[in-house]
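These protein sequence lines map, in sequence, to chains C and F. Everything in the first sequence is counted per UniProt numbering, starting at 1 for the first residue and increasing by one. Everything in the second sequence is counted per UniProt numbering, starting at 1 for the first residue and increasing by one. We treat Cβ as the ideally placed atom computed from N, Cα and C, and that holds for glycine. Written below as structure tokens is the structure these notes are about.
2 protein chains.
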Amino acid sequence: MTAHPSIARQAITAADRVLLDIQQAIVDGTIPAGSKISEPELARRFDISRAPLREALARLERCHLIERTPNAGARVVTLTPQGLAALYQIREELEGLACRLAAEQMPEAEIQELAALLDQHLSTQRVREGESYYQEAGDLDFHYRVILGSKNPYLINMLCHELYYLVRMYRVQLGMNGPRVSRAFDEHKAILTAIANRDGELADLLMRRHIAASRRNIENQLNEQQQKKDSA
Amino acid sequence: MTAHPSIARQAITAADRVLLDIQQAIVDGTIPAGSKISEPELARRFDISRAPLREALARLERCHLIERTPNAGARVVTLTPQGLAALYQIREELEGLACRLAAEQMPEAEIQELAALLDQHLSTQRVREGESYYQEAGDLDFHYRVILGSKNPYLINMLCHELYYLVRMYRVQLGMNGPRVSRAFDEHKAILTAIANRDGELADLLMRRHIAASRRNIENQLNEQQQKKDSA
DNA sequence: TTTGCGAAGGATGTCGACACTTTTGACGAA
DNA sequence: TTCGTCAAAAGTGTCGACATCCTTCGCAAA
């Protein structure tokens with residue numbers, strides 16, 4: 001018997017545990033982008049059988065963190081400008097939609113929680129000026145809550161599970177930082193205002209611009225990195 | 001060595017074979033919506049072990065055709081008005097985007113093939129007036145090609161693999177038919193014209209309207225079905 | 001030296017069996 | 001009769017092993 005029937009009981013299985021570890025290892029580059037994945041090796045490393053490991057790999061493929069080809073095994077994805085562009089094209093569209101739906105359907109209580117979250121971000125930002133904390137967790141947390149506010153299960157699944165980690169991977173491995181921190185905060189605040197005013201159209205527009213700005217920021221860093229590689 | 005390096009060799013595995021069978025069985029209702037799935041039973045039925053079956057189930061979950069809860073098994077999804085609305089919200093947005101991208105990036109050759117496809121649909125439609133063939137395969141085939149024209153791998157994966165079968169399930173089990181057939185064809189033709197003119201904005205708009213019209217059509221049938229059930 | 005073939009090694013796909021969990025059903029008490 | 005408890009059955013998660021496939025390395029021929 002669960003306390004809340006609406007909350008599905010979550011029995012943590014071995015595959016789940018390992019999944020989180022591998023996910024993080026890929027996102028932060030401990031397992032390098034583009035490297036081949038050996039099932040026996042990973043199974044030994046995490047001290048589990050190949051069965052739950054393959055379950056975890058199936059979910060990693062779902063997050064676009066690895067790519068599998070039949071009888072040939074799995075590779076970690078490689079980060080490319082084209083991939084980033086394609087990813088953010090989707091994000092702009094879907095998060096714009098999520099933002100519009102959130103403006104229309106988000107309960108007042110959740111909106112107030114979102115406002116409180118931004119206040120908390122502001123103080124954190126002041127304390128740890130220039131650090132990447134805000135970009136890493138804070139920004140994504142804001143987006144996360146807006147997405148949940150859309151109340152569309154498919155949308156939530158796509159953005160929070162299937163694309164979320166790949167976005168994180170780009171941001172972490174390309175070292176998001178710089179002057180966009182404070183600007184992003186202002187953009188968040190404007191989006192929140194639009195949601196609070198139940199102005200779905202404006203919230204949609206602002207979110208798209210916010211993501212487009214983020215994309216340009218990462219693209220610049222990726223191009224720099226590429227040029228550095230080419231000249232070397 | 002493959003003939004064309006761009007085409008990944010596709011070794012058909014046991015899981016793949018079974019996947020297609022179960023997929024179709026769920027889509028056409030042979031395995032009823034909402035029914036529980038027993039791994040041992042399905043394994044016996046298809047004469048395979050549980051390992052490849054679980055692989056297939058993992059992919060079915062990816063297509064949103066089944067829902068799994070840890071230690072409790074899998075169930076076929078249930079078709080609801082809310083689910084349909086949520087699904088088509090996503091479709092409008094993503095296929096609109098795909099259509100815009102197709103207008104911008106689709107090679108001339110592919111556009112001509114698309115025109116030929118519509119001509120073929122027209123003749124088929126005349127021959128089998130009123131039948132549901134067009135809606136089942138033809139309409140989806142048109143959408144399929146437009147999506148491929150977007151050249152965005154994530155978009156293609158989401159629409160052609162993760163949402164495609166669920167859309168089909170709604171359409172098949174709710175028996176798409178009626179006077180929308182010829183209207184849908186006209187809409188397809190208008191979309192194609194916009195794409196051929198490289199007018200991404202218009203193509204986007206037309207595709208959204210086209211999908212919205214399709215959604216309303218199915219919603220009506222689903223509501224009728226629901227009322228019939230309630231009165232019984 | 002370079003190219004092509006073939007065998008050895010490793011990896012993936014599949015299988016059957018076991019451990020633990022969930023569900024079902026019977027039994028007994030209120 | 002109805003409800004709660006408990007045991008049996010079914011099902012899922014995991015394991016180790018085998019079959020098949022891909023990769024790689026060595027060897028021989030051009």
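ALA33 of chain C and GLN221 of chain C closer than 8 angstroms at C-beta: In this structure, GLN221 of chain C does not lie closer than 8 angstroms to ALA33 of chain C by Cβ.
Can you give the Cα-Cα distance for ASN152 of chain C and GLY83 of chain F, rounded to whole angstroms? For ASN152 of chain C and GLY83 of chain F, the distance between alpha carbons rounds to 9 angstroms.
So, for ILE66 of chain C: in the same chain, excluding its five sequence neighbours on each side, which residues have a beta-carbon less than 8 angstroms away from its beta-carbon? Excluding sequence positions up to five before and after ILE66 of chain C, its CB lies within less than 8 angstroms of the CB of ILE26, ILE37, LEU57, LEU60, ALA74, ARG75, VAL76 and VAL77, all in the same chain and listed in chain order.
Would you call the stretch 85-102 of chain C in contact with the stretch 204-224 of chain C, where contact means no fewer than 3 C-beta pairs closer than 8 angstroms? Yes: the two stretches touch, three or more of their Cβ pairs being nearer than 8 angstroms.
Using only the heavy atoms of the ligand ADP, determine whether one of them is closer than 7 angstroms to the beta carbon of GLN112 of chain C. Because no ligand of any kind appears in the structure shown, any question about the ligand ADP cannot be addressed here.
Please name the residue in C:LEU42, C:GLU41 and C:PHE142 whose C-alpha comes closest to that of ALA184 of chain C. Of the candidates C:LEU42, C:GLU41 and C:PHE142, the one whose C-alpha sits nearest the C-alpha of ALA184 of chain C is C:PHE142.
Under the assumption that MET207 of chain C contacts MET158 of chain F (Cβ atoms under 8 angstroms), give the Cβ distance between them as a whole number of angstroms. The Cβ separation is near 19 angstroms, so there is no contact.
What residue from C:THR13, C:LEU97 and C:ARG215 has the CA that sits closest to ASP204 of chain C's CA? Of the listed residues, the one whose Cα sits closest to ASP204 of chain C is C:LEU97.
So with Cβ pairs under 8 angstroms, would you call GLU93 of chain F a contact of chain C? Judged by the 8 angstroms Cβ criterion, GLU93 of chain F is in contact with chain C.
VAL167 of chain F - containing alpha helix (DSSP H), residue span: 164-173 is the span of the alpha helix (DSSP H), which, as asked, contains VAL167 of chain F.
Chain C contacts made by the stretch 50-72 of chain F, where a contact means CB separation under 9 angstroms: Residues passing the 9 angstroms Cβ filter: ALA51, ARG54, GLU55, ALA58, ARG59, GLU61, ARG62, HIS64, THR69, PRO70, ASN71 and ALA72.
So that I know if they touch, is there some Cβ in chain F lying closer than 8 angstroms to that of LEU202 of chain C? The C-beta of LEU202 of chain C comes no closer than 8 angstroms to any C-beta of chain F.
If you reduce the DSSP assignment to three classes, tell me which class TYR133 of chain F lands in. Per-residue confidence for TYR133 of chain F stands at a pLDDT of 48, beneath the threshold of 50, marking its modelled position as unreliable; the derived number appears in the next sentence. Assigned with DSSP and collapsed to three states, TYR133 of chain F falls in helix.
Three CB pairs or more closer than 8 angstroms across the stretch 44-53 of chain C and the stretch 188-197 of chain C: Below 8 angstroms, too few C-beta pairs join the stretch 44-53 of chain C and the stretch 188-197 of chain C to call them touching: fewer than three.
Assuming the contact rule is C-beta atoms closer than 8 angstroms, CYS63 of chain C and HIS161 of chain C should be a hit. Round their C-beta distance to whole Å, please. 7 angstroms between Cβ atoms; contact.
Can you give me the C-alpha to C-alpha distance between GLU113 of chain C and GLU93 of chain C, rounded to a whole angstrom? Those two C-alpha atoms are separated by around 25 angstroms.
Sort out for me which residues DSSP pairs ALA25 of chain F with in a bridge. ALA25 of chain F has no beta-bridge partner at all, per DSSP.
Bridge partners of GLU95 of chain C, per DSSP? Answer by DSSP bridge pairing: none, since GLU95 of chain C is not bridged.
Backbone CA spacing between GLN227 of chain F and TYR170 of chain F [nearest angstrom]: Distance between the alpha carbons of GLN227 of chain F and TYR170 of chain F is about 17 angstroms.
Among C:SER35, C:ASP47 and C:GLY29, which one has its Cα closest to the Cα of ALA14 of chain C? Of the candidates C:SER35, C:ASP47 and C:GLY29, the one whose C-alpha sits nearest the C-alpha of ALA14 of chain C is C:ASP47.
Chain F residues whose Cβ lies nearer than 7 angstroms to that of THR13 of chain C: Neighbours of THR13 of chain C across chain F, judged by C-beta separation under 7 angstroms: PRO70.
Going by Cα to Cα distance, which pick from C:LYS189, C:PRO107 and C:SER123 is closest to SER150 of chain C? The residue with the shortest Cα to Cα distance from SER150 of chain C is C:PRO107.
Contact belief for PRO70 of chain F with ALA11 of chain C at Cβ below 8 angstroms, rounded distance in angstroms: Contact check for PRO70 of chain F and ALA11 of chain C: beta-carbon distance about 4 angstroms, within the 8 angstroms limit, so the pair qualifies.
Among the candidates F:LEU202, F:ILE111 and F:GLU219, whose CA atom is the shortest distance from the CA of LEU148 of chain F? Comparing Cα-Cα distances from LEU148 of chain F to each of F:LEU202, F:ILE111 and F:GLU219, the minimum goes to F:ILE111.
Answer with buried or exposed for GLU187 of chain F, where buried requires no fewer than 16 other C-beta atoms within 10 angstroms of its C-beta. Buried, by the Cβ-count rule.
Taking the alpha-carbon positions, what's the ALA109 of chain C to THR30 of chain F distance? Rounded to whole angstroms, the separation of the alpha carbons of THR30 of chain F and ALA109 of chain C is 44 angstroms.
Based on Cα-Cα distance, which residue from C:ILE191, C:ILE156, C:VAL167 and C:LEU42 lies nearest to GLU219 of chain C? Of the candidates C:ILE191, C:ILE156, C:VAL167 and C:LEU42, C:VAL167 places its Cα closest to the Cα of GLU219 of chain C.
Looking at the structure shown, is ALA74 of chain F part of a helix, part of a strand, or coil, going by DSSP? Note: ALA74 of chain F maps to strand in three-state DSSP.
With DSSP collapsed to three states, give me the class of ILE48 of chain F. Reduced to three states, the DSSP call for ILE48 of chain F is coil.
Looking only at DSSP bridge pairs, what is ARG68 of chain F linked to? DSSP lists F:ALA74 as partners of ARG68 of chain F.
Interface partners of ALA86 of chain C on chain F, CB under 8 angstroms: Think of a sphere of 8 angstroms around the beta carbon of ALA86 of chain C: the chain F residues whose beta carbon falls inside it are ASN152, PRO153, TYR154 and LEU155, in chain order.
Taking just the CA atoms, how far does ILE156 of chain C sit from SER35 of chain F? If I take the Cα positions, the gap works out to 25 angstroms.
Proximity test, Cβ basis, 8 angstroms: LEU114 of chain F and chain C: So, not an interface residue.
Beta-carbon proximity of LEU192 of chain F to LEU118 of chain F, cut-off 8 angstroms: Taking 8 angstroms as the Cβ cut-off, LEU192 of chain F and LEU118 of chain F qualify as a contacting pair.
I'd like to know if GLN89 of chain C contacts chain F, where contact means its C-beta is closer than 8 angstroms to some C-beta of that chain. Yes - at least one Cβ of chain F is within 8 angstroms of the one on GLN89 of chain C.
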